[in-house]
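Before any comments, here is the structure.
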Amino acid sequence: MFSRAQTDTLPCCSFLSAHRHCSPDLALDLSTRIAPLPPHPAFHCLLMDLPLPLLEDVLASLPLRSLLAVSATSKYLHSLVSSASFALVRSHNGAASPAWFFFFGFNRLLPERSQAFAFDPVSSSWLPLPLSTPPPHNSASLSASAGGCLVALAGPQQTYVCIAPSLVKQDWQVLKKPMRVPRRNDPLLGVFYSDPQKLRVGRVIVAGGVDTDAKECEGMEKDLPVEEYNTYKEEWDTCQPLPEVLKGKNLVATVAEDKFYVGDAEGSVICWMEGRQWREAKLERPGQVRRWEWVGCEGMGLLAVAECDGGSVRIYRLEGIDADKQIVQMVSEMPDDLRALFEEEEGVARVRSCTGGPNLVYIYSDSGFRDYAICACELSTVGGMRSRWFRLPPLPSPLHRFDRVCCISACVPLSACISSE
1 MFSRAQTDTL PCCSFLSAHR HCSPDLALDL STRIAPLPPH PAFHCLLMDL PLPLLEDVLA
61 SLPLRSLLAV SATSKYLHSL VSSASFALVR SHNGAASPAW FFFFGFNRLL PERSQAFAFD
121 PVSSSWLPLP LSTPPPHNSA SLSASAGGCL VALAGPQQTY VCIAPSLVKQ DWQVLKKPMR
181 VPRRNDPLLG VFYSDPQKLR VGRVIVAGGV DTDAKECEGM EKDLPVEEYN TYKEEWDTCQ
241 PLPEVLKGKN LVATVAEDKF YVGDAEGSVI CWMEGRQWRE AKLERPGQVR RWEWVGCEGM
301 GLLAVAECDG GSVRIYRLEG IDADKQIVQM VSEMPDDLRA LFEEEEGVAR VRSCTGGPNL
361 VYIYSDSGFR DYAICACELS TVGGMRSRWF RLPPLPSPLH RFDRVCCISA CVPLSACISS
421 E
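The sequence shown runs 1 to 421 under full-length UniProt numbering.
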């Protein structure tokens with residue numbers, strides 16, 4: 001059963017070959033870009049009187065932007081905050097680092113009109129981000145990966161995978177070895193980190209896609225093997241191909257509990273990879289579901305955001321991930337006032353979704369005609385399943401129109417905003 005959702009307007013916070021293309025703006029210290037006003041001098045004096053272990057605990061509990069502001073008040077605090085030992089202390093304090101929501105809008109004809117913003121849930125505010133230029137790539141392949149980073153495919157003959165692990169810096173990197181089988185557009189990519197705090201990529205899985213633009217236009221889709229890249233070996237390995245039941249379907253992918261999931265957005269099958277082999281499970285798909293997207297949500301497992309008959313939008317939870325037949329249970333339904341933000345023709349709501357960290361799911365529109373509306377649902381299992389919906393503030397003006405929109409939610413490691421010593 002699910003509780004009636006509440007609606008609010010503001011959130012409550014509960015190996016690689018570098019190929020960098022940076023705009024002049026990126027030369028500026030990013031910590032000064034996203035930090036709020038510096039703290040009061042009296043607060044700084046109070047901090048300096050604390051013994052080091054207590055000082056580290058206090059600083060580790062601060063939200064990211066407040067921590068950056070404090071670190072800018074003295075060389076000593078900056079040195080402490082940028083140290084590897086402090087990064088370890090802070091990594092154990094999840095409450096200090098809620099996931100941010102990132103919006104990237106790309107304009108292929110007029111790149112200067114591309115825009116990027118990050119939403120800080122602590123201050124409930126949008127921050128403009130400078131956009132770095134990715135390596136030369138197939139523009140149709142630029143997308144958000146399952147795993148929380150930007151990805152693209154490059155190369156006229158052989159295919160190289162480009163990755164921007166840091167959404168704040170967008171420091172593009174290119175995997176050293178090309179894929180065994182070239183592909184151009186619409187791949188499903190899963191990115192796994194060996195060190196999430198330093199955004200070190202451990203492995204990359206690529207599934208699906210098409211081998212040439214021409215074949216895509218002619219409708220002559222070719223089955224492509226699934227490949228996995230290990231950054232330590234710097235080699236691509238061929239994996240078992242996508243299960244037959246997924247071929248020719250509208251596929252969605254996500255990463256959860258260190259597994260790569262691929263599901264049929266309009267069907268009743270979900271598959272996941274274990275040891276380069278695919279496992280398959282049938283779902284008890286509710287009859288009113290028209291389309292759904294799967295997201296991995298820490299603390300909740302696999303969730304599905306579903307467009308349903310009658311224009312409703314619901315969130316389902318997958319029960320028993322490793323069972324052969326899996327049950328989905330509705331945990332929340334989007335309130336009518338928020339659903340109206342996503343309605344298009346004939347009362348149908350078109351939504352996209354991504355996880356927002358522990359117990360939080362972001363739902364958004366990638367349509368400029370809906371002004372790129374964004375809302376979120378905060379889920380809790382304390383005292384039974386509860387949910388609270390809220391709308392994010394509108395994106396900053398002036399807002400341009402884009403050829404491609406990528407939205408991602410991810411925690412922002414301290415290393416992405418401040419240089420280590």
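All residues carry an ideal CB built from backbone N, CA and C; glycine is no exception. Please read these numbers as outputs of a predicted model, since none were measured by experiment.
Which of the three DSSP states, helix, strand or coil, is assigned to Y229?
Residue mapping note: residue 229 aligns to position 229 of the sequence shown, counting from 1. DSSP, reduced to helix, strand and coil, places Y229 within a strand of the structure shown.
Continuous alpha helix (DSSP H) assignments of at least 4 residues falling wholly in the stretch 67-101
Whole alpha helix (DSSP H) segments, 4+ residues: 75-81 and 84-91.
Pair every Cβ in the stretch 396-413 with every Cβ in the stretch 171-185, then say whether three or more of these pairs are closer than 8 Å.
They do not touch, by the three-pair rule.
Check whether the stretch 40-49 touches the stretch 374-381, taking contact to mean three or more Cβ pairs, one atom from each stretch, closer than 8 Å.
Between the stretch 40-49 and the stretch 374-381 there are fewer than three C-beta pairs closer than 8 Å, too few to call the two in contact.
Quick check on residue 481: buried or exposed, where buried means 16 or more other Cβ atoms within 10 Å of its Cβ?
Residue 481 is absent from the model: the chain starts at 1 and stops at 421.
Kindly indicate which three-state DSSP category K176 falls into: helix, strand or coil?
Start at 1 with the first residue of the sequence shown, and residue 176 comes out as number 176. DSSP places K176 in coil when its eight states are reduced to three.
To the nearest angstrom, how far is it from the Cα of Q277 to the Cα of Q240?
Residue mapping note: residue 277 aligns to position 277 of the sequence shown, counting from 1. Residue mapping note: residue 240 aligns to position 240 of the sequence shown, counting from 1. So the two alpha carbons sit approximately 5 Å from each other.
For S23, does the count of other Cβ atoms within 10 angstroms reach 16, so buried, or fall short, so exposed?
Translated into positions along the sequence shown, residue 23 becomes position 23. Residue placement at S23 cannot be trusted, given a pLDDT of 37 that sits under 50; what the coordinates show is reported in the next sentence. Exposed: under 16 other Cβ atoms inside 10 Å.
Is G219 helix, strand or coil by DSSP?
As a position in the sequence shown, residue 219 is number 219, starting the count at 1. Per-residue confidence for G219 stands at a pLDDT of 41, beneath the threshold of 50, marking its modelled position as unreliable; the derived number appears in the next sentence. Residue state, collapsed to three classes: coil.
Buried or exposed, going by whether 16 or more other CB atoms sit within 10 Å of the CB of I418?
As a first step, residue 418 must be located in the sequence shown, where it is residue number 418. Burial call: buried.
Drop a sphere of 10 angstroms on the beta-carbon of L392, count the other beta-carbons inside from all chains shown, and report buried for 16 or more, exposed for fewer.
Counting from 1 along the sequence shown, the entry for residue 392 is found at position 392. The C-beta of L392 has 16 or more other C-beta atoms within 10 Å across all chains shown, which makes the residue buried.
By the three-class DSSP mapping on this structure, what secondary structure does V382 have?
On the sequence shown, residue 382 is found 382 positions in, with the first residue counted as 1. It is coil, neither helix nor strand.
Can you tell me which of the three DSSP states A140 falls into?
On the sequence shown, residue 140 is found 140 positions in, with the first residue counted as 1. Residue state, collapsed to three classes: helix.
Which one of P178, D337, E284 and A154 has the shortest CA to CA distance from Q329?
Counting from one through the sequence shown, the residue named residue 329 turns up at place 329. Ranking P178, D337, E284 and A154 by Cα distance to Q329 puts E284 first.
Based on DSSP bridge pairs, tell me the residues matched to G296.
By 1-based counting over the sequence shown, the position of residue 296 is 296. According to DSSP, G296 bridges with L302.
Straight-line gap, G267 to S139 (C-alpha atoms, nearest Å)
Translated into the one-based positions of the sequence shown, residue 267 becomes position 267. Translated into the one-based positions of the sequence shown, residue 139 becomes position 139. Each residue's alpha carbon lies about 29 Å from the other.
Beta carbon of G208 nearer than 8 Å to that of L242:
The residue given as residue 208 occupies position 208 in the sequence shown. The residue given as residue 242 occupies position 242 in the sequence shown. Against a cut-off of 8 Å, the Cβ pair of L242 and G208 comes out as a contact.
Within 8 Å, strictly: CB atoms of Y372 and L395:
Taking the first residue of the sequence shown as 1, we reach residue 372 at position 372. Taking the first residue of the sequence shown as 1, we reach residue 395 at position 395. Going by beta carbons, Y372 and L395 fall inside the 8 Å limit.
Close-in-space but distant-in-sequence residues of the same chain around S143 (CB under 7 Å, 5 per side omitted):
Against the sequence shown, residue 143 aligns to sequence position 143. Only V151 and C406 meet the Cβ criterion.
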